[in-house]
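Student: The structure under discussion is supplied below as structure tokens; questions concerning it will follow.
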Amino acid sequence: MDIRKLLLATTALLGTTALANAAAVHPSKITQAQSKAVCINPSPSHIDLSKLVVGFSQSESNANPFRAGETKSVRDAAASFHVKHLIYTNAHSDEARQVADVESMINQGAQALVIAPLDATGLQPAFAQAAAKHIPIITLDRHTAGTMCTDYLSFMGSNFYFKQGEIDAKELAKATGGHAKIAEIQGAYGNSVEVARTKGFAAGLKAYPGMKIVTEQTGNWFTTDAEKVMSQILLAHPDVNAVYAQADTMAFGVMTALRDAGKKPGQVKIVSIDGTKQGVQDIVSGWIYADDETNPRFGPLAFYELQNWFDGKPVPQHVVLTDHLYTKANAAAALKNNIPF
Numbered sequence: 001m002d003i004r005k006l007l008l009a010t011t012a013l014l015g016t017t018a019l020a021n022a023a024a025v026h027p028s029k030i031t032q033a034q035s036k037a038v039c040i041n042p043s044p045s046h047i048d049l050s051k052l053v054v055g056f057s058q059s060e061s062n063a064n065p066f067r068a069g070e071t072k073s074v075r076d077a078a079a080s081f082h083v084k085h086l087i088y089t090n091a092h093s094d095e096a097r098q099v100a101d102v103e104s105m106i107n108q109g110a111q112a113l114v115i116a117p118l119d120a121t122g123l124q125p126a127f128a129q130a131a132a133k134h135i136p137i138i139t140l141d142r143h144t145a146g147t148m149c150t151d152y153l154s155f156m157g158s159n160f161y162f163k164q165g166e167i168d169a170k171e172l173a174k175a176t177g178g179h180a181k182i183a184e185i186q187g188a189y190g191n192s193v194e195v196a197r198t199k200g201f202a203a204g205l206k207a208y209p210g211m212k213i214v215t216e217q218t219g220n221w222f223t224t225d226a227e228k229v230m231s232q233i234l235l236a237h238p239d240v241n242a243v244y245a246q247a248d249t250m251a252f253g254v255m256t257a258l259r260d261a262g263k264k265p266g267q268v269k270i271v272s273i274d275g276t277k278q279g280v281q282d283i284v285s286g287w288i289y290a291d292d293e294t295n296p297r298f299g300p301l302a303f304y305e306l307q308n309w310f311d312g313k314p315v316p317q318h319v320v321l322t323d324h325l326y327t328k329a330n331a332a333a334a335l336k337n338n339i340p341f
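First residue of the sequence shown: 1, per the UniProt record's numbering; consecutive thereafter.
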């Protein structure tokens, strides 16, 4: 769905209310696709969420705009669904802490859980405790090891491979006329999103023989790390004319390094992923060529499917959210209409 269609759909649903009130949006409006494979509660209680305690485990600091948007969406949706009590925790990028957080929420009486996993593995002890008490779990944004319908009901996220990595390769080819020496700034190694975005970008570049990755470095999803590695890259590869940043937080660090090196907006073409408000503003200012949104508005979907679980209705095991590609053609309009998070 493009920006214009999104605005039309949003206007039809909410009148003049901005998309920022994501909790009011019906899940179908933000769902691109869902799996045919489902999980169904064998013993539905038909209990309403307004009578339940729900836990939400956030994996990273809300200083990250994506995480802030995700947290807000879950909190807003909990209020919209009149959840009896929402227990919120933040692991601040500590895997052991996230496991302890989930176990603590279970001990506090959580009857359902929404988890944004930090890594692809590590949550098994917490899953086991939840399963022993028949506590349903929805996972967000990052795939994690586990058995569907046993450890967790559903994974909700973006199409990290095709919709992001491959699309960014295509946009960078447009920006450079198909000839580029690329620095790829990757997320934390081993993370499922990093792996998908790396593979997707590599696959997308196969159509453009003049596009070459000259270096790949991790920015660990952090602005300061990305700034440091980009400064080093410019010293080792001064002819780099394109950057693929796997997240806006890292693109911001890349831009700082470029400014410090005396580069002007657009001199080195940048494509990024997340679609934050600041990232879209950087398209308008000329620093970023294209920014593929990672939709953080999971809240309505997560609570909608939790209610379906308690009602004995099928819950899709995999849900892909609708994302939006921001470019020079639509960035200013998107900011004016308060669409980016």
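For each residue, glycine too, the CB sits at the ideal point set by N, CA and C.
Values in this document were obtained by computation on a predicted structure and should not be read as measured data.
By DSSP, does S185 sit in helix, in strand, or in coil?
Tutor: Just to set this straight, residue 185 is Ile in the shown sequence, not Ser. It is a strand residue.
Student: Can you list, in chain order, the residues of its chain whose CB lies under 6 Å from that of V69, leaving out five sequence neighbours each side?
Tutor: Note on identity: in this sequence residue 69 is Gly, with Val being the wrong assignment. Closer than 6 Å at the Cβ level, and outside the excluded window around G69, lie P296 and F341.
Student: Please determine, among G165, K163 and I137, the residue with the shortest C-alpha to C-alpha distance to Y152.
Tutor: The shortest Cα separation from Y152 among G165, K163 and I137 belongs to I137.
Student: Are I288 and A251 closer than 8 Å when you measure CB to CB?
Tutor: For I288 and A251, yes; Cβs fall inside 8 Å.
Student: Using the rule of at least 16 other Cβ atoms within 10 Å of the residue's Cβ for burial, across every protein chain shown, is R67 buried or exposed?
Tutor: Classification of R67: buried, given that the 10 Å Cβ count is 16 or more.
Student: Quick one: what's got a C-beta closer than 6 Å to residue 345's C-beta in the same chain, skipping five residues either side?
Tutor: Summary: the structure shown does not reach residue 345, with the chain confined to residues 1 through 341, and so no result is reported for it.
Student: For the alpha helix (DSSP H) that L235 lies in, which residues bound it at each end?
Tutor: That run of the alpha helix (DSSP H) goes T223 to A236.
Student: Is the separation between the beta-carbon of H237 and that of A183 shorter than 8 Å?
Tutor: Contact: yes.
Student: Classify R142 as buried or exposed, calling it buried when 16 or more other Cβ atoms lie within 10 Å of its own Cβ.
Tutor: So R142 counts as buried.
Student: Secondary structure at F56, three-state DSSP: helix, strand or coil?
Tutor: If DSSP states are grouped into helix, strand and coil, F56 belongs with the strands.
Student: So, under 8 Å CB-CB, A112 and V54 are touching, yes? Tell me the CB distance rounded to an integer number of Å.
Tutor: Sure, about 5 Å apart at Cβ, within 8 Å.
Student: With C-beta atoms as the reference, is Y208 less than 8 Å away from G178?
Tutor: Result yes, Cβ atoms of Y208 and G178 sit closer than 8 Å.
Student: Hey, T139 and I115 are a contact pair by Cβ (cut 8 Å); roughly how many whole angstroms apart?
Tutor: Confirmed, Cβ separation roughly 5 Å.
Student: Is it right to say H324 is buried, meaning 16 or more other beta carbons lie within 10 angstroms of its own, or is it exposed?
Tutor: With 16 or more Cβ atoms within 10 Å of its Cβ, H324 is classed as buried.
Student: Within a Cβ cutoff of 8 Å, which residues of the same chain sit near G266, ignoring the five residues on either side of it in sequence?
Tutor: If we look at G266 and ignore the five residues flanking it on each side, its Cβ neighbours are G286, W287 and Y289.
Student: Q217 and Q246: beta carbons closer than 8 Å?
Tutor: Taking 8 Å as the Cβ cut-off, Q217 and Q246 do not qualify as a contacting pair.
Student: May I ask you to list the residues that DSSP assigns as paired with T327?
Tutor: Bridge partners of T327: A290.
Student: Report the rounded CA-to-CA distance for S80 versus F56, giving the unit in angstroms.
Tutor: For S80 and F56, the distance between alpha carbons rounds to 15 Å.
Student: Kindly say whether V315, judged by its beta-carbon, lies nearer than 8 Å to any beta-carbon of chain D.
Tutor: The chain inventory of the structure shown lacks chain D, comprising one protein chain alone.
Student: Kindly identify the DSSP beta-bridge partner or partners of Y88.
Tutor: Per DSSP, F56.
Student: Return the bridge partner residues of E216 from the DSSP annotation.
Tutor: Partner(s): E184.
Student: How is A23 classed by DSSP in three states: helix, strand or coil?
Tutor: Bear in mind that a pLDDT of 43 at A23, under 50, signals an unreliable position, so the model cannot answer this.
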